[in-house]
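Student: Numbering (the numbering used here), first residue to last: 4 to 365. Glycine included, C-beta positions come from ideal geometry on N, C-alpha and C. As the structure is a prediction and not an experimental result, all values here were calculated from the model. This structure is in structure tokens; I'll ask about it shortly.
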Amino acid sequence: MNNPQTLKITLNDNSYPIIIDANRFNLEALTNVVSKRKIMLVSNTTVAPLYLKQVVALFPENKVFSCVLEDGEVHKNINSWQHILDQLAAHQFNRSDLLVSLGGGVICDMTGFAAASWMRGIDFIQMPTTLLSQIDASVGGKTGINHPQGKNLIGAFHQPKAVIINVDTLNTLPAREFNAGIGEAIKYGGINQPDFFGWLSEHVESIKQRDPLILQELIAQCCQFKADIVEQDEKEQGVRALLNLGHTFGHAIETITDYQYLHGEAVGLGMVMAAELSQQLGHCDSDIRKMLENLLQAFDLPIKLDADVTSDGMLQLMKADKKVINNQHRLILMKGLGAAFIAEDIKDSEITAALKCCLTHT
Ligand SMILES: NC(=O)c1ccc[n+]([C@@H]2O[C@H](COP(=O)([O-])OP(=O)(O)OC[C@H]3O[C@@H](n4cnc5c(N)ncnc54)[C@H](O)[C@@H]3O)[C@@H](O)[C@H]2O)c1
Ligand SMILES: [Zn+2]
4 MNNPQTLKIT LNDNSYPIII DANRFNLEAL TNVVSKRKIM LVSNTTVAPL
54 YLKQVVALFP ENKVFSCVLE DGEVHKNINS WQHILDQLAA HQFNRSDLLV
104 SLGGGVICDM TGFAAASWMR GIDFIQMPTT LLSQIDASVG GKTGINHPQG
154 KNLIGAFHQP KAVIINVDTL NTLPAREFNA GIGEAIKYGG INQPDFFGWL
204 SEHVESIKQR DPLILQELIA QCCQFKADIV EQDEKEQGVR ALLNLGHTFG
254 HAIETITDYQ YLHGEAVGLG MVMAAELSQQ LGHCDSDIRK MLENLLQAFD
304 LPIKLDADVT SDGMLQLMKA DKKVINNQHR LILMKGLGAA FIAEDIKDSE
354 ITAALKCCLT HT
């Protein structure tokens, strides 16, 4: 494997590199982006003790400040976002300065949103440190925070100047978080990459053992899949919506269980629900749900929602999701593995019927 491995995401005005290195945050190609700018590093209380010092040392010629937030999805909110802005204000950051995220998807999303909103948009770099953020959240420019009413309801499209991935950071990631990242990887298989679904099935053991070469290959493949879709549709007017496979169900699961399920776990469960609904509506046969469940289980991911949740409660939250248009549900369903499509006009009763076949408590 080449180190570093560089992919490019090509957008009209906002192209940028994704630089994947086995064991360091490689900024060699970014001297122009970084040069002498004031930097605000945004991290959290778990990741900062592990990697902040190492990252500060990457910027010997810059004035570097850091903003260390509380850890957790429950802190992906207006207060944390405001705290970042307060720090930017206190240190007089302006449009020639730079924000850098160091953490998982929560930190990437919040840093990106702070960068999008401060002075109507300043530059930022993503340094994702979870599998989920390395294969998904750091790429594509969707930034945001949660509202008590639901996930990611506040946000902006704002592309980073670069995504810098140090694969070695995955060695400190707890197993449950690591597996949750695989939930999003399986998603790409479900959308339009049936071969990748097979590749994941063949490499279960080496992935779980965190074989560094296999992980680098996994990350590069997923970033490429995402880049291919985002390049066609940066602002989600069409095909990019496919990336939401499992997400309308998944967001409802996260909200209704008060974030007891990790995002990648909820997306995995959401894909099972999407497969069930696809089958009930006659788009695919029951093999698809089974194959998804088998792969999720191989990575120790849940396939049943183990919480006191009703199909009605789920439905109400799904209505609050951003994907409801004129009161009709718009969901990503599957005609087969790797054959996802945007399904319009889905009725409440159809969703409820599918949910009843997936929930432990109905
Ligand atoms: N913007 C997008 O396109 C996009 C895509 C997918 C997901 N997301 C968002 O990403 C978030 C989920 O991201 P996540 O799964 O990375 O969760 P996370 O950011 O909460 O990180 C998971 C946990 O791992 C810790 N951690 C991070 N890196 C570590 C490391 N190297 N070693 C040890 N611990 C580490 C974190 O502190 C946290 O406790 C959700 O909020 C989701 O909405 C966004
Ligand atoms: Zn996701």
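Could you say if the stretch 228–247 and the stretch 283–300 meet the contact criterion of at least three C-beta pairs nearer than 8 Å?
Tutor: Taking 8 Å as the limit for Cβ pairs, the verdict is that the stretch 283–300 does not touch the stretch 228–247.
Student: Please confirm whether any heavy atom of ligand 4 lies closer than 7 Å to the CB of VAL166.
Tutor: Judged by which ligands are present, ligand 4 is missing from the structure shown, whose ligands are ligand 1 and ligand 2.
Student: Any heavy atom of ligand 1 inside 7 Å of the beta-carbon of VAL45?
Tutor: Mapped onto the sequence shown, residue 45 falls at position 42. Flag unset: Cβ of VAL45 not near ligand 1.
Student: Can you list, in chain order, the residues of its chain whose CB lies under 6 Å from that of THR146, leaving out five sequence neighbours each side?
Tutor: Against the sequence shown, residue 146 aligns to sequence position 143. Excluding sequence neighbours, THR146 sits near ASP112, GLY115, PHE116, ALA119, GLY158, ALA159 and HIS161.
Student: Which stretch, first to last residue, makes up the alpha helix (DSSP H) that contains GLN282?
Tutor: Within the sequence shown, residue 282 is the residue found at index 279, counting from 1. Counting along the chain, the alpha helix (DSSP H) containing GLN282 begins and ends at 266–283.
Student: Looking only at its own chain, which residues have a Cβ that is under 8 Å from the Cβ of THR365, when we skip the five neighbours before and after it?
Tutor: The sequence position of residue 365 within the sequence shown is 362, counting from 1. Residue placement at THR365 is poorly supported in this model, since its pLDDT is 44, which falls under 50; the coordinates still yield a value, given next. Taken in chain order, the residues that qualify are THR313, SER314, LEU358 and LYS359.
Student: Quick check for students: name the residue ranges of the beta strand (DSSP E) that lie wholly in the stretch 280–363, counting only runs of 3 or more.
Tutor: The stretch 280–363 contains these whole beta strand (DSSP E) runs: 331–337 and 343–349.
Student: Just the C-alpha distance for VAL270 and GLU64, rounded to the nearest angstrom, thanks.
Tutor: Numbered from 1 along the sequence shown, position 267 holds the residue referred to as residue 270. Numbered from 1 along the sequence shown, position 61 holds the residue referred to as residue 64. One C-alpha to the other measures close to 41 Å.
Student: Using a Cβ distance threshold of 8 Å, determine whether the stretch 247–261 contacts the stretch 286–294, with at least three qualifying pairs required.
Tutor: Contact between the stretch 247–261 and the stretch 286–294 is absent, because fewer than three Cβ pairs lie under 8 Å.
Student: Where does THR292 land, buried or exposed, given buried means 16+ other C-beta within 10 angstroms?
Tutor: Counted from its first residue, the sequence shown places residue 292 at position 289. Reading off the sequence shown, one finds Arg at residue 292, where the question assumed Thr. Its Cβ being crowded by 16 or more others within 10 Å, ARG292 is buried.
Student: Excluding five sequence neighbours on each side, which residues of the same chain lie with their C-beta closer than 6 Å to the C-beta of LYS322?
Tutor: Within the sequence shown, residue 322 is the residue found at index 319, counting from 1. Closer than 6 Å at the Cβ level, and outside the excluded window around LYS322, lies no residue.
Student: GLU1: beta carbon under 7 Å from a heavy atom of ligand 2?
Tutor: No statement about residue 1 is possible, as the shown extent of the chain runs from 4 to 365 and does not include it.
Student: Can you check DSSP and say which residues form a bridge with ALA159?
Tutor: Walking along the sequence shown from the start, residue 159 turns up at place 156. Answer is THR146.
Student: Shortest alpha-carbon distance to ILE21 belongs to which of GLU205, ASP231 and GLN212?
Tutor: For the purposes of this step, residue 21 is taken as residue 18 along the sequence shown, with counting starting at 1. Measuring from the Cα of ILE21, the nearest candidate turns out to be ASP231.
Student: With DSSP as the reference, please indicate the residues paired to ASN47 in a beta bridge.
Tutor: Within the sequence shown, the letter at position 44 stands for residue 47. Its beta-bridge partners are LEU72.
Student: State the start and end residues of the unbroken beta strand (DSSP E) segment that holds ILE125.
Tutor: If you number the sequence shown from 1, residue 125 lands on position 122. Looking at the DSSP string, ILE125 is not in any beta strand (DSSP E), and its letter there is neither H nor E.
Student: Going straight from the alpha carbon of PHE199 to that of HIS266, what length do you get?
Tutor: Mapped onto the sequence shown, residue 199 falls at position 196. Mapped onto the sequence shown, residue 266 falls at position 263. If you take the alpha carbons of PHE199 and HIS266, they lie about 21 Å apart.
Student: Quick test of your reading: VAL233 and ILE12, contact by CB under 8 Å. State the CB separation rounded to the nearest angstrom.
Tutor: Against the sequence shown, residue 233 aligns to sequence position 230. Against the sequence shown, residue 12 aligns to sequence position 9. Sure, about 6 Å apart at Cβ, within 8 Å.
Student: What distance in whole Å lies between the Cβ atoms of LEU320 and GLY153, which are believed to be in contact at a cut-off of 8 Å?
Tutor: As a first step, residue 153 is located in the sequence shown; it is residue number 150 there, counting from the start. As a first step, residue 320 is located in the sequence shown; it is residue number 317 there, counting from the start. Indeed, because the Cβ distance is near 7 Å, the residues count as touching under 8 Å.
Student: Would you report the Cα separation of LEU216 and GLY193, rounded to the nearest angstrom?
Tutor: Counting from 1 along the sequence shown, the entry for residue 216 is found at position 213. Counting from 1 along the sequence shown, the entry for residue 193 is found at position 190. Approximately 24 Å between the Cα atoms of the pair.
Student: Can you tell me where the alpha helix (DSSP H) with PRO197 in it begins and where it stops?
Tutor: On the sequence shown, residue 197 is found 194 positions in, with the first residue counted as 1. Its alpha helix (DSSP H) spans residues 197–205.
Student: With the cut-off set at 8 Å, would you say VAL366 and PHE68 are in Cβ contact?
Tutor: Residue 366 is absent from the structure shown; the chain starts at 4 and stops at 365.
Student: Just to confirm, is the Cβ distance from VAL58 to PHE28 under 8 Å?
Tutor: As a working note, residue 58 is residue 55 in the sequence shown. As a working note, residue 28 is residue 25 in the sequence shown. For VAL58 and PHE28, yes; Cβs fall inside 8 Å.
Student: By alpha-carbon positions, which one of LEU156, VAL142 and SER141 ends up nearest to ILE148?
Tutor: Residue mapping note: residue 148 aligns to position 145 of the sequence shown, counting from 1. The option with the nearest alpha carbon to ILE148 is LEU156.
Student: In angstroms with no decimal places, state the Cα-to-Cα distance between MET4 and HIS206.
Tutor: If you number the sequence shown from 1, residue 4 lands on position 1. If you number the sequence shown from 1, residue 206 lands on position 203. Spanning the two alpha carbons is a distance of roughly 17 Å.
Student: To the nearest angstrom, how far is it from the Cα of LEU14 to the Cα of PHE228?
Tutor: On the sequence shown, residue 14 is found 11 positions in, with the first residue counted as 1. On the sequence shown, residue 228 is found 225 positions in, with the first residue counted as 1. Going from the Cα of LEU14 to the Cα of PHE228 covers about 15 Å.
Student: Out of ALA140, ASP303, SER83 and LEU135, which one is the CA nearest neighbour of ILE128?
Tutor: As a first step, residue 128 must be located in the sequence shown, where it is residue number 125. Ranking ALA140, ASP303, SER83 and LEU135 by Cα distance to ILE128 puts ALA140 first.
Student: My understanding is that LEU367 touches VAL103, with C-beta atoms under 8 Å, so please give their C-beta distance in whole angstroms.
Tutor: A query on residue 367 cannot be resolved here, the shown segment of the chain reaching from 4 to 365 and no further.
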